[in-house]
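K.L.:
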Amino acid sequence: MIVDCAAYADGQRCNDGPMEIDHALERAADDDAFVWIGLHEPTEQEFAAVSSEFHLHELAVEDAIHAHQRPKLELYGDTIFVVLKTARYVDSQEIIELGEILIFLGEDFIVTVRHGEATGLHDLREQVESDKEMLKHGPAGVLHAIVDKVVDDYGPALEGLDEDVAEVEDEVFSESSTNRAERIYRLKREVLQFLKASTPLSEPMQRLAHREHPLVPEEVRAYFRDVTDHLARVQDQLEGYRDLLTSVLEANLSQVGVRQNEDMRKISAWVAIAAVPTMIAGVYGMNFEHMPELGWTYGYPAIVGLMLLVCGTLFRTFKKSGWL
Amino acid sequence: MIVDCAAYADGQRCNDGPMEIDHALERAADDDAFVWIGLHEPTEQEFAAVSSEFHLHELAVEDAIHAHQRPKLELYGDTIFVVLKTARYVDSQEIIELGEILIFLGEDFIVTVRHGEATGLHDLREQVESDKEMLKHGPAGVLHAIVDKVVDDYGPALEGLDEDVAEVEDEVFSESSTNRAERIYRLKREVLQFLKASTPLSEPMQRLAHREHPLVPEEVRAYFRDVTDHLARVQDQLEGYRDLLTSVLEANLSQVGVRQNEDMRKISAWVAIAAVPTMIAGVYGMNFEHMPELGWTYGYPAIVGLMLLVCGTLFRTFKKSGWL
Amino acid sequence: MIVDCAAYADGQRCNDGPMEIDHALERAADDDAFVWIGLHEPTEQEFAAVSSEFHLHELAVEDAIHAHQRPKLELYGDTIFVVLKTARYVDSQEIIELGEILIFLGEDFIVTVRHGEATGLHDLREQVESDKEMLKHGPAGVLHAIVDKVVDDYGPALEGLDEDVAEVEDEVFSESSTNRAERIYRLKREVLQFLKASTPLSEPMQRLAHREHPLVPEEVRAYFRDVTDHLARVQDQLEGYRDLLTSVLEANLSQVGVRQNEDMRKISAWVAIAAVPTMIAGVYGMNFEHMPELGWTYGYPAIVGLMLLVCGTLFRTFKKSGWL
Amino acid sequence: MIVDCAAYADGQRCNDGPMEIDHALERAADDDAFVWIGLHEPTEQEFAAVSSEFHLHELAVEDAIHAHQRPKLELYGDTIFVVLKTARYVDSQEIIELGEILIFLGEDFIVTVRHGEATGLHDLREQVESDKEMLKHGPAGVLHAIVDKVVDDYGPALEGLDEDVAEVEDEVFSESSTNRAERIYRLKREVLQFLKASTPLSEPMQRLAHREHPLVPEEVRAYFRDVTDHLARVQDQLEGYRDLLTSVLEANLSQVGVRQNEDMRKISAWVAIAAVPTMIAGVYGMNFEHMPELGWTYGYPAIVGLMLLVCGTLFRTFKKSGWL
Amino acid sequence: MIVDCAAYADGQRCNDGPMEIDHALERAADDDAFVWIGLHEPTEQEFAAVSSEFHLHELAVEDAIHAHQRPKLELYGDTIFVVLKTARYVDSQEIIELGEILIFLGEDFIVTVRHGEATGLHDLREQVESDKEMLKHGPAGVLHAIVDKVVDDYGPALEGLDEDVAEVEDEVFSESSTNRAERIYRLKREVLQFLKASTPLSEPMQRLAHREHPLVPEEVRAYFRDVTDHLARVQDQLEGYRDLLTSVLEANLSQVGVRQNEDMRKISAWVAIAAVPTMIAGVYGMNFEHMPELGWTYGYPAIVGLMLLVCGTLFRTFKKSGWL
């Protein structure tokens with residue numbers, strides 16, 4: 004689906020609503036003007052017109068339609084092809100929802116293809132259109148704006164993860180100490196997936212920031228350096244979570260084990276306490292003819308008193324050892 | 004066994020059925036023509052004719068006959084020697100079945116040697132023959148087609164693994180929580196084996212994609228870059244599985260331990276409950292002459308009632324603590 | 004908040020109290036003079052004057068106001084932008100408190116922006132002002148003094164960690180052997196955070212030490228090499244703690260498990276000892292008509308003696324096996 | 004001990020039996036001829052003659068006599084000094100027995116020094132002597148033959164390990180599930196030792212294969228590339244074993260734990276079953292005067308029946324839960 | 004404290020006892036002569052004379068007095084500054100005792116500063132003085148002699164560790180299987196500390212061996228290469244120990260756990276055996292009026308026989324399952 008299509012010149016949008024692609028191209032034929040076409044999960048047919056117009060490489064086009072790529076930046080002749088992964092944290096399910104944005108960048112055009120719902124580009128376009136300076140940098144300026152937005156959107160996703168990691172930590176070390184293995188494992192899984200979506204982007208951004216490329220003007224490069232820096236922080240955090248979750252999984256095992264063992268010890272201690280009067284009663288339940296105690300007037304209360312005494316002593320001893 | 008042998012010129016197969024090798028070679032002596040010989044687990048004798056014809060290096064020939072190589076790309080003079088590992092997931096046994104394809108590439112010939120059953124090349128040859136463009140790139144075009152097919156075939160193998168990993172996860176965190184250590188271990192073993200078969204291919208593909216080599220035309224290089232990218236995704240996935248399976252193995256240990264401890268706690272709690280009436284009964288089984296309760300008319304039901312009361316209280320307490 | 008502002012020339016402060024920024028700048032227009040402006044958590048408005056005066060890059064300005072950066076060094080045109088993380092160990096809570104210092108360095112100015120409380124720069128300024136040699140090196144000399152102070156302040160933080168790690172080790176291997184999982188985990192968390200704050204600083208310091216930069220005079224470079232060396236030691240230590248804490252967490256699990264098992268064994272052994280007289284008593288509590296022992300005069304004491312003998316033997320056996 | 008000494012010219016051995024060193028050297032003074040001296044654990048005295056003759060560097064000589072080196076390749080002036088580790092699997096003890104071969108290579112001589120018994124060089128010499136082509140490459144040809152043999156001999160050692168790893172896996176996951184920790188640990192230890200013996204060889208072999216050196220003719224280089232490839236496979240395997248053994252050690256812990264817990268659960272379940280009739284019997288062993296059931300004609304069989312019923316029900320319940 | 008000070012020329016010591024520094028310097032003003040000053044934990048005052056004489060850099064001087072550096076090599080103008088860590092194994096405490104040697108090397112002087120007791124330099128000086136060849140290489144020859152000695156001294160420390168690691172292994176897998184967690188952990192801690200003291204030395208030694216430096220003559224370089232090789236072996240070993248100790252810690256946990264579980268199983272089995280006669284006795288202790296067995300003449304011995312039979316059978320069954 005073609006979401007929007009417009010030509011930009013002198014840092015301004017040339018038309019109000021979406022333009023026909025043909026008109027936009029005509030308009031962009033001028034110096035310093037460029038076209039920005041935005042697509043959302045296009046069919047092969049929808050994309051064919053665009054790709055033939057800009058001579059996009061067949062391999063990149065295939066990637067753009069089928070998505071599920073790794074983040075990357077490829078050069079096909081004069082065209083730059085960039086794949087980005089968007090991320091959104093769905094708190095109710097504790098999962099990272101990934102989307103994909105694919106970008107074709109030429110001298111006077113930029114084509115953006117979006118898959119999945121995570122990050123919309125509509126607001127971004129409005130924002131870019133209001134920033135004359137950025138628009139003047141041409142397609143590279145738009146590229147930076149998109150990459151910056153995608154990486155900025157990693158922030159809230161990280162915060163979502165952060166909260167859940169903190170929550171799970173508290174649960175593991177709380178008094179109740181129920182088994183949190185599954186939740187920890189699922190969180191770790193999300194962290195690994197997020198890492199896979201963000202880490203490979205680092206290298207291409209660095210290339211944009213440090214190597215000369217005719218499509219990326221000198222003054223835009225510093226902005227890509229800034230993106231690189233953001234990405235490095237995202238990775239630092241994610242790798243931190245991975246480490247922490249691994250440790251928490253181990254700690255969880257230990258906490259649950261300790262707690263269960265305490266329960267067992269408590270039950271066993273009670274059984275041990277009960278075993279003593281049973282034993283004493285057994286002795287006085289024997290049928291010997293000559294057991295003088297049995298004839299005593301206060302034999303019974305004395306023995307019951309003995310039982311209580313022994314049990315009480317045991318109870319106090321166990322209490323002191325922390326077994327009860 | 005020689006499976007097929009044909010000469011190709013101007014993007015077309017020159018003969019319908021398999022040709023004699025000699026005829027094919029004569030035909031390929033022309034400009035722009037080349038021979039494609041396909042072999043399946045050839046004996047030393049069968050291979051001798053081919054290797055002497057194309058002056059293949061003795062070390063490469065030895066590798067080609069005995070197989071069990073690592074994926075690699077070697078240059079012997081003007082010949083490129085490539086080793087590929089094919090992979091197929093046998094779901095019934097949950098194993099990755101590996102095969103091997105060895106390729107000799109010269110200016111006007113390509114010799115493919117297949118070991119094992121995993122990936123057949125017959126369909127591929129038909130497909131290549133129908134793609135005039137690729138054929139026009141000569142042996143390098145065929146090489147790409149084969150590598151591309153092999154790496155594409157990793158896809159279904161990965162999906163098979165993915166399903167089994169998800170299955171094992173669900174089993175581990177399910178209520179029943181039986182011990183899944185063996186299955187997890189076997190899966191991990193397969194993942195490691197798959198990694199060993201695919202990871203080393205990355206470097207040679209990158210060399211084909213980025214360095215100039217007279218046998219690989221400029222326009223084919225982008226295609227090898229695409230293969231590199233596919234391989235990177237395969238590795239990302241496999242390393243993800245390795246990480247996850249390691250965590251699942253730990254989680255499994257914890258889950259099974261927790262479950263077994265719960266069982267023990269339950270049994271012990273019941274034993275503890277039974278110990279109380281036994282103790283009380285023991286007391287009234289004592290043979291003291293002076294035990295006033297024994298003479299009471301309602302002594303027996305009162306004591307039985309007491310037993311039931313104590314047991315009931317214990318039962319409720321244990322239930323509340325989650326021990327029963 | 005502007006904390007201090009002064010111009011320096013010939014290794015001396017030109018004014019006693021804080022100067023107006025404008026005056027300072029006029030003064031610094033001379034050769035060899037420079038301005039040092041110190042800010043503490045400035046608002047956007049407060050910073051605007053400074054940043055426009057020195058033509059600071061908008062990206063760096065944004066970083067300076069919002070803080071929460073990774074340690075880094077960036078070049079924006081003729082300006083060097085450095086981000087440092089300060090660290091302080093709060094022993095009562097066993098946490099590393101991080102602060103941030105951001106520095107803009109130009110030919111004749113240095114602007115320092117401090118966030119958080121960890122490391123104050125007031126004492127440092129006095130110290131720098133009393134060191135004529137360093138001041139003569141201009142802004143780069145001041146930069147070194149700050150970086151040196153920040154890295155030196157890592158020392159006490161490390162010592163704090165060191166003590167707590169040693170403490171936790173002793174606790175884990177002590178007789179009492181209570182569960183220390185949470186404390187170990189929290190310490191590890193702090194170590195990871197500290198690593199994240201200090202490790203990335205290494206690379207920029209090395210760049211200052213080894214690459215030529217017009218703002219950093221030859222003779223100052225050796226000092227940055229020294230800082231690099233300090234940082235390497237800090238990292239060695241932190242990575243050591245990470246390793247040790249991981250091992251301690253494991254050892255803790257093992258120690259607690261062993262201790263709890265010992266308790267269980269002890270209780271079970273006592274239950275086993277009690278089971279024997281209960282069994283014997285049970286036998287002589289049977290109501291058979293023909294049980295000759297029951298009629299013996301010394302049957303009762305003999306049997307009680309037997310019980311004591313058996314229990315005593317069991318007790319000694321268990322003692323010898325280390326079960327009691 | 005001097006094992007053999009011979010001069011070779013035109014791809015042929017010049018003498019049948021061992022020659023005197025002096026004669027051999029005279030013979031080798033001719034063009035294209037070279038000497039091969041084979042030593043086995045030489046004393047300092049035995050080696051002095053050789054080392055002074057060929058001006059071997061004192062550091063290399065020291066290494067050659069005392070052995071226990073890492074695999075390495077060093078250049079001392081015009082002499083190449085190579086250290087190789089041989090490996091042999093002693094199945095009865097499940098250990099890797101390491102030996103050492105040290106080689107001095109000059110323009111017209113090769114001196115081999117062998118320590119330990121693992122790989123003999125006698126058969127190898129015969130084999131080399133029968134391969135005229137290789138001999139024509141001079142000392143470098145012999146060097147390749149030795150390295151190739153040493154690395155080839157890693158194969159059987161790996162197979163031995165492979166079998167034992169597979170065996171230990173089967174044991175761990177078998178029904179009997181006895182504790183295999185020691186065996187796994189010992190195997191891992193051997194794997195680590197083997198890795199240490201083989202991994203460092205990789206880098207020098209790559210240097211021989213890729214960099215020009217006057218002593219290694221162009222056409223021999225491809226053969227060293229082949230050795231590199233073999234070594235890479237050996238390492239892949241060993242690292243695979245290391246990974247697997249780590250996982251097996253964990254799985255073993257889990258398997259043994261699970262099995263032992265099952266035993267405990269079974270015993271406890273039986274104790275629980277026995278507790279019920281004991282309790283019922285206790286009740287009817289009480290001495291109350293008014294217990295109507297005691298007077299019933301069928302009271303006894305009814306109660307015994309009740310006991311059997313309860314025990315049977317418990318038994319079936321436990322069986323269903325998998326506790327028995 | 005100044006330990007010794009002497010001038011050397013033509014491979015000989017110029018004076019017998021320690022010289023005054025001033026005299027030594029005069030003497031060293033000649034060509035080819037140099038001074039070697041040996042200090043032990045000097046005070047700032049003691050060191051001031053030396054450092055001003057040779058124009059040592061203030062940063063290096065600071066390091067030399069306060070010690071606790073990482074091993075490193077720095078160039079300050081024409082002076083080389085080297086920091087070495089000495090290691091000694093104190094077997095009684097199972098710890099690695101680290102010392103420090105700091106060396107300043109100029110064209111005609113070498114200053115050695117020793118901290119801690121580990122490695123004395125007195126014997127070394129005598130040894131160097133008796134080796135004319137080495138002395139002729141000037142300060143660089145002395146530097147090599149010291150480094151070589153320090154690294155050689157790592158050998159006995161490694162052997163000490165090796166023995167203790169082997170001992171702990173045997174203990175863990177022995178029959179008695181007491182908990183060795185603390186000892187293993189302490190050993191690992193020492194290994195990590197040793198690694199930290201030796202690993203960073205590798206890189207500077209390689210620089211001395213491979214890069215040209217005016218103070219290090221060509222023929223001395225090979226000797227530093229040898230040191231590099233030694234260091235590599237030390238690291239291989241230490242990393243091996245680290246790996247092994249990690250595995251042993253895990254194995255220890257498993258061994259102790261298994262052993263304790265066996266104890267528990269044994270105790271539980273005995274309790275289970277005792278439960279059976281208790282139950283039977285309970286049945287015949289019931290007070291029913293109609294229990295025909297009670298009247299039988301041989302009822303009592305028959306029941307006791309039954310008890311023995313059941314217990315015997317249980318005993319044999321448990322024995323067979325390996326529970327007793």
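Residue numbers (my numbering), protein chains in the order written: chain A, 4 to 327; chain B, 4 to 327; chain C, 4 to 327; chain D, 4 to 327; chain E, 4 to 327. Just so you know, even glycine gets a beta-carbon here, dropped at the ideal spot from N, CA and C. Nothing here was measured: the structure is a model prediction, and the numbers come from that model.
1. Please list the terminal residues of the continuous alpha helix (DSSP H) segment that includes residue 136(B).
2. State buried or exposed for residue 4(A), treating a residue as buried only when at least 16 other CB atoms are found within 10 Å of its CB.
3. What does residue 197(B) touch in chain A if you count any residue whose Cβ is under 7 Å from its own?
4. Tell me which residues of the region 151-184 of chain E have at least one Cβ-Cβ distance to chain D shorter than 7 Å, keeping chain order.
5. Output the boundary residues of the beta strand (DSSP E) element that contains residue 108(A).
6. Closer than 9 Å by beta-carbon distance: list the chain C residues that pair up with residue 332(E), in chain order.
7. Consider the C-beta atom of residue 81(C) and the heavy atoms of the ligand GDP; say whether any pair is separated by less than 7 Å.
8. Comparing C-alpha positions only, which one of 19(C), 233(C), 267(C) sits nearest to residue 158(C)?
9. Going residue by residue through the region 232-272 of chain C, where are the continuous beta strand (DSSP E) segments of at least 3 residues, counting only ones entirely within it?
10. Let me know if residue 163(A) comes out buried or exposed under the rule of 16 or more other beta-carbons within 10 Å of its beta-carbon.
11. Please determine if the region 310-323 of chain B and the region 304-314 of chain A are in contact, where contact requires at least 3 C-beta pairs separated by less than 8 Å.
12. Quick check on the DSSP output: what are the complete alpha helix (DSSP H) runs of length 4 or more inside the region 178-209 of chain E, in order along the chain?
13. Nearest chain E C-beta to residue 237(C) closer than 8 Å, yes or no?
14. For a contact meaning CB atoms closer than 8 Å, what does residue 288(A) contact in chain B?
15. Is the Cβ of residue 18(D) closer than 8 Å to any Cβ of chain E?
16. On the three-pair Cβ rule with 8 Å, is the region 28-41 of chain C touching the region 96-114 of chain C?
17. Tell me, please, which residues DSSP counts as bridged to residue 7(E).
18. Between which two residues does the alpha helix (DSSP H) holding residue 154(E) run?
19. If we define contact as Cβ-Cβ less than 8 Å, is residue 226(C) a contact residue for chain E?
20. Distance check for residue 149(D) and residue 217(E), CA to CA, integer angstroms please.
21. May I have the straight-line CA-CA distance separating residue 215(B) from residue 223(B), to the nearest angstrom?
22. Count the other CB atoms, across all protein chains shown, that sit within 10 Å of the CB of residue 221(B); report buried if there are 16 or more and exposed otherwise.
23. Taking the alpha-carbon of residue 186(D) as reference, which of 197(D), 171(D), 200(D) has the nearest alpha-carbon?
24. So that I know if they touch, is there some Cβ in chain C lying closer than 8 Å to that of residue 323(E)?
25. Taking the alpha-carbon positions, what's the residue 289(D) to residue 270(A) distance?
26. Taking 8 Å as the CB-CB cut-off, is residue 280(A) touching chain B?
27. Does the distance from the C-beta atom of residue 21(D) to that of residue 116(D) stay below 8 Å?
28. Please determine if the region 189-208 of chain D and the region 235-250 of chain D are in contact, where contact requires at least 3 C-beta pairs separated by less than 8 Å.
29. Check whether the Cβ of residue 232(A) lies closer than 8 Å to any Cβ atom in chain C.
30. Tell me which same chain residues have a C-beta within less than 7 Å of the C-beta of residue 167(B), skipping the five on either side of it?
P.N.:
The relevant details are as follows:
1. Taking the first residue of the second sequence as position 1, residue 136(B) is located at position 133. 135-139 is the span of the alpha helix (DSSP H), which, as asked, contains residue 136(B).
2. Mapped onto the first sequence, residue 4(A) falls at position 1. Classification for residue 4(A): exposed.
3. Position 194 of the second sequence, counted from the start, is the residue given in the question as residue 197(B). Simply none; closest approach about 17 Å.
4. 176
5. Taking the first sequence and counting its residues from 1, one reaches residue 108(A) at position 105. First-last of the beta strand (DSSP E) with residue 108(A): 98-108.
6. The question about residue 332(E) has no answer, for chain E in this structure spans 4 to 327.
7. As presented, the structure is devoid of all ligands, the ligand GDP included, so that no description of it is given.
8. Your numbering for residue 158(C) matches position 155 in the third sequence. Checking every option, the nearest Cα to that of residue 158(C) belongs to 233(C).
9. none
10. Translated into the one-based positions of the first sequence, residue 163(A) becomes position 160. By the 10 Å Cβ count, residue 163(A) comes out buried.
11. no
12. 184-201
13. For the purposes of this step, residue 237(C) is taken as residue 234 along the third sequence, with counting starting at 1. Output row for residue 237(C): interface = no.
14. The sequence position of residue 288(A) within the first sequence is 285, counting from 1. 285, 288, 289, 290, listed in chain order.
15. One-based indexing of the fourth sequence puts residue 18(D) at position 15. So, not an interface residue.
16. yes
17. Within the fifth sequence, residue 7(E) is the residue found at index 4, counting from 1. Partner(s): 41(E).
18. Stepping through the fifth sequence from its first residue, residue 154(E) is reached at position 151. Residue 154(E) -> alpha helix (DSSP H) spans 142-155.
19. Counting from one through the third sequence, the residue named residue 226(C) turns up at place 223. Yes, residue 226(C) lies at the interface with chain E (some Cβ there is under 8 Å from its Cβ).
20. Taking the fifth sequence and counting its residues from 1, the one referred to as residue 217(E) is at position 214. Taking the fourth sequence and counting its residues from 1, the one referred to as residue 149(D) is at position 146. The straight-line gap from Cα to Cα measures roughly 40 Å.
21. Along the second sequence, read from residue 1 onward, the residue named residue 215(B) stands at position 212. Along the second sequence, read from residue 1 onward, the residue named residue 223(B) stands at position 220. Cα-Cα distance, rounded: 11 Å.
22. Walking along the second sequence from the start, residue 221(B) turns up at place 218. The residue in question, residue 221(B), is exposed, as its Cβ has fewer than 16 Cβ neighbours within 10 Å.
23. Walking along the fourth sequence from the start, residue 186(D) turns up at place 183. Of the listed residues, the one whose Cα sits closest to residue 186(D) is 171(D).
24. Counting from 1 along the fifth sequence, the entry for residue 323(E) is found at position 320. No, no contact with chain C.
25. Indexing the fourth sequence from 1 puts residue 289(D) at position 286. Indexing the first sequence from 1 puts residue 270(A) at position 267. Rounded to whole angstroms, residue 289(D) to residue 270(A) spans 27 Å at the Cα level.
26. Position 277 of the first sequence, counted from the start, is the residue given in the question as residue 280(A). Yes, contact with chain B.
27. Here residue 21(D) refers to the residue found at position 18 when the fourth sequence is read from its first residue. Here residue 116(D) refers to the residue found at position 113 when the fourth sequence is read from its first residue. Contact flag unset, no.
28. yes
29. Residue 232(A) sits at position 229 when you count from the first residue of the first sequence. Closer than 8 Å: yes.
30. Along the second sequence, read from residue 1 onward, the residue named residue 167(B) stands at position 164. Same-chain partners within the cutoff: 97, 190.
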